[in-house]
Amino acid sequence: MEKIKILLVDDDPDFADQMLFYLNKFGYDTIYLPSQRSAESRLKDLHFDLAILDLMMEEDDSGLQLARKIKAISPEIPIILLTAITNETGYSFSQEFKNSPELLPIDKYCEKGIRPDVLNKIIEQLITIKK
């Protein structure tokens, strides 16, 4: 059986290392890129089943910009947006997503710090829905 491929884009190398450890432990084949720009430059030649994106990278909405580009190329790809924006600014992004999910080009929003087993269940659910 072919491994599920996950694109991980995050500009925090420590967080990315932690995510890579758990994603690999859960059996996923993970492609890591450190920025919106690096991901955009390779979108057409990358093949992945799900994307996990940081919201704030080069710009405050880099993750959303990248999500829109991914959905324009492959609308069936599930996208999880991870962020620490609530911790950093006090702004609750999750409430906006709950109120108007159709306005955002993502399938799931999660705060950074989510337990790895919970994230794995979300990935499994999104991959199952995709199939």
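Residue numbering for the sequence shown follows the working numbering, beginning at 3 and increasing consecutively.
Even glycine gets a Cβ: it sits at the ideal position worked out from N, Cα and C.
Residue i burial status per 10 Å Cβ neighbour count (16 or more: buried)
{"i": "residue 11", "result": "buried"}
{"i": "residue 75", "result": "exposed"}
{"i": "residue 72", "result": "buried"}
{"i": "residue 134", "result": "Because the chain spans 3 through 133 in this model, residue 134 falls outside it and cannot be assessed."}
{"i": "residue 29", "result": "exposed"}
Enclosing alpha helix (DSSP H) for residue i [first to last residue]
{"i": "residue 42", "result": "38-44"}
{"i": "residue 66", "result": "64-75"}
{"i": "residue 22", "result": "15-27"}
Rounded straight-line distance, which links the Cα of residue j to that of residue i
{"i": "residue 57", "j": "residue 131", "result": "23 Å"}
{"i": "residue 128", "j": "residue 44", "result": "23 Å"}
{"i": "residue 77", "j": "residue 40", "result": "20 Å"}
{"i": "residue 24", "j": "residue 118", "result": "7 Å"}
{"i": "residue 14", "j": "residue 37", "result": "9 Å"}
Whole-number beta carbon distance between residue j and residue i, since they are thought to touch under 8 Å
{"i": "residue 6", "j": "residue 47", "result": "Contact flag wrong, Cβ pair sits at about 19 Å."}
{"i": "residue 52", "j": "residue 125", "result": "6 Å"}
{"i": "residue 83", "j": "residue 55", "result": "6 Å"}
Other residues of its chain near residue i: CB distance less than 6 Å, five sequence neighbours each side excluded
{"i": "residue 109", "result": "80, 81, 128"}
{"i": "residue 70", "result": "107"}
{"i": "residue 64", "result": "38"}
Segment limits, beta strand (DSSP E) that includes residue i
{"i": "residue 31", "result": "31-35"}
{"i": "residue 82", "result": "81-85"}
{"i": "residue 55", "result": "52-56"}
Other residues of its chain near residue i: CB distance less than 8 Å, five sequence neighbours each side excluded
{"i": "residue 22", "result": "10, 32, 34"}
{"i": "residue 49", "result": "7"}
{"i": "residue 60", "result": "13, 37, 38, 39"}
{"i": "residue 19", "result": "none"}
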